[in-house]
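Before any comments, here is the structure.
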Amino acid sequence: MSDWVSVAAAGELSPGASRVVDVDGTTVAVFNINGEYFAIEDVCTHDGGELASGVLDGDQIICPRHGARFCVRSGEALSAPAYEPTAKFPVRIENGQIQVRDDRWD
Numbered sequence: 000m001s002d003w004v005s006v007a008a009a010g011e012l013s014p015g016a017s018r019v020v021d022v023d024g025t026t027v028a029v030f031n032i033n034g035e036y037f038a039i040e041d042v043c044t045h046d047g048g049e050l051a052s053g054v055l056d057g058d059q060i061i062c063p064r065h066g067a068r069f070c071v072r073s074g075e076a077l078s079a080p081a082y083e084p085t086a087k088f089p090v091r092i093e094n095g096q097i098q099v100r101d102d103r104w105d
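Numbering that gives the first Met the number 0 puts the first residue of the sequence shown at 0, with every later residue one more than the last.
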């Protein structure tokens, strides 16, 4: 089980913004969607490229390389050329900090 990693102060990540952090060797992108925080692995399952620098369209991130769409809330792949989801991670607010952790091996 990984420890919780602080991403930013709760007021620091504005709606529509994202932040990328390393969580035990995994690159995780944390997004603020209308005041709710979501975290997915920052990897396109089509070719392994990063996602966070893509365009955020509502609750979907568009891969900057080939245009695949992923749901930020669930990690689900929504369009070709990606067909497999990217990992989703738990997010919490603790002591005024946005925190995320990798729970895949719990």
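The beta-carbon is built from N, C-alpha and C at its ideal position, and this holds for glycine as well.
Sequence-distant residues of its chain with Cβ nearer than 8 angstroms to residue i (five each side left out)
{"i": "residue 98", "result": "3, 4, 5, 6, 90, 91, 92"}
{"i": "residue 43", "result": "49, 50, 62, 64, 65, 67, 69, 81, 85"}
{"i": "residue 73", "result": "84, 87"}
{"i": "residue 54", "result": "60, 61, 63"}
{"i": "residue 14", "result": "31, 32, 33, 34"}
Own chain residues within Cβ distance below 7 angstroms of residue i, not counting five before or after
{"i": "residue 18", "result": "6, 7, 12, 29"}
{"i": "residue 95", "result": "8, 9"}
{"i": "residue 71", "result": "30, 32, 37, 39, 58, 59, 60"}
8 angstroms Cβ cutoff met for residue i and residue j
{"i": "residue 27", "j": "residue 38", "result": "yes"}
{"i": "residue 52", "j": "residue 23", "result": "no"}
Q. For the 8 angstroms Cβ check, are there 3 or more pairs between the stretch 93–105 and the stretch 66–78?
A. no
Q: Any chance you could list the beta strand (DSSP E) runs of at least 3 consecutive residues sitting entirely within the stretch 15–103, in chain order?
A: 17–22, 25–32, 35–40, 54–56, 59–61, 68–70, 90–93, 96–99
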